[in-house]
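Student: Numbering (the numbering used here), first residue to last: 2 to 131. Quick one: this structure, given as structure tokens, is what I'll be asking you about.
And the structure:
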């Protein structure tokens, strides 16, 4: 299966880290846009195929950011965080996000998870049209 280039929103406040991650994702032909998480509306999230959210954003946590996104849009979120506490782990499960990756995030591992998401989405769309 060939995956066409997709639009990725990387919500991350660390410019150096997000740059490393974006380089790997763009090598697969994807268009990567950035946000620090301050003024990120559901419309901006909806305009992207997948959203990668870091746990530490400018002025709030990544979990707080995710909670403000509609439940439908949360299904396309990949969350980057260190090993969470038990309460944070339960909270993440209840948010119904696509995947959680421990930090520091390996750029290649992130690219594989993103690719898996696109394959699963394409397969789901193909099944729904048949």
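Virtual Cβ for every residue (Gly too), placed ideally from N, Cα, C.
Tell me the rounded alpha-carbon separation between residue 43 and residue 93.
Tutor: Taking the chain shown and counting its residues from 1, one reaches residue 43 at position 42. Taking the chain shown and counting its residues from 1, one reaches residue 93 at position 92. Cα to Cα, residue 43 sits roughly 19 Å from residue 93.
Student: Considering only C-alpha positions, which residue in the set 76, 18, 38 and 50 is nearest to residue 63?
Tutor: As a working mapping, residue 63 is identified with position 62 in the chain shown. Ranking the options by Cα distance to residue 63, first place goes to 38.
Student: Cβ atoms of residue 114 and residue 102: under 8 Å apart, would you say?
Tutor: As a first step, residue 102 is located in the chain shown; it is residue number 101 there, counting from the start. As a first step, residue 114 is located in the chain shown; it is residue number 113 there, counting from the start. A contact, by the Cβ cut-off of 8 Å.
Student: What whole-angstrom Cβ distance do residue 12 and residue 54 have, given they're in contact under 8 Å?
Tutor: Stepping through the chain shown from its first residue, residue 12 is reached at position 11. Stepping through the chain shown from its first residue, residue 54 is reached at position 53. The Cβ separation is near 5 Å, so the contact holds.
Student: Taking the continuous alpha helix (DSSP H) assigned at residue 72, which residues delimit it?
Tutor: Along the chain shown, one-based indexing puts residue 72 at 71. Where residue 72 is concerned, the enclosing alpha helix (DSSP H) stretches over 72-75.
Student: Taking the alpha helix (DSSP H) that residue 65 falls in, what are its first and last residues?
Tutor: Reading the chain shown from its first residue, position 64 is the one you call residue 65. Here the alpha helix (DSSP H) through residue 65 covers 63-68.
Student: Within its chain, find whatever has a CB closer than 7 Å to the CB of residue 106; leave out the 5 residues flanking it on each side and keep chain order.
Tutor: For the purposes of this step, residue 106 is taken as residue 105 along the chain shown, with counting starting at 1. Counting only Cβ-Cβ distances below 7 Å, and skipping sequence neighbours, we find 22 and 81.
Student: Is the CB of residue 89 under 8 Å away from at least one CB in chain B?
Tutor: Absent here is chain B; the protein component of the structure consists of one chain.
Student: Which same chain residues, not among the five before or five after residue 108, have their C-beta less than 6 Å away from its C-beta?
Tutor: Position 107 of the chain shown, counted from the start, is the residue given in the question as residue 108. Here the set comprises 21, 22 and 25.
Student: Find the nearest neighbour of residue 29 within the set 46, 47 and 9, judged by alpha-carbon distance.
Tutor: Numbered from its first residue, the chain shown carries residue 29 at position 28. Among 46, 47 and 9, the Cα nearest to that of residue 29 belongs to 9.
Student: Identify every run of the beta strand (DSSP E) within the region 87-117, keeping only runs that are complete inside it and at least 3 residues long; order them along the chain.
Tutor: With a minimum length of 3 residues, the continuous beta strand (DSSP E) runs that stay inside the region 87-117 are 100-103.
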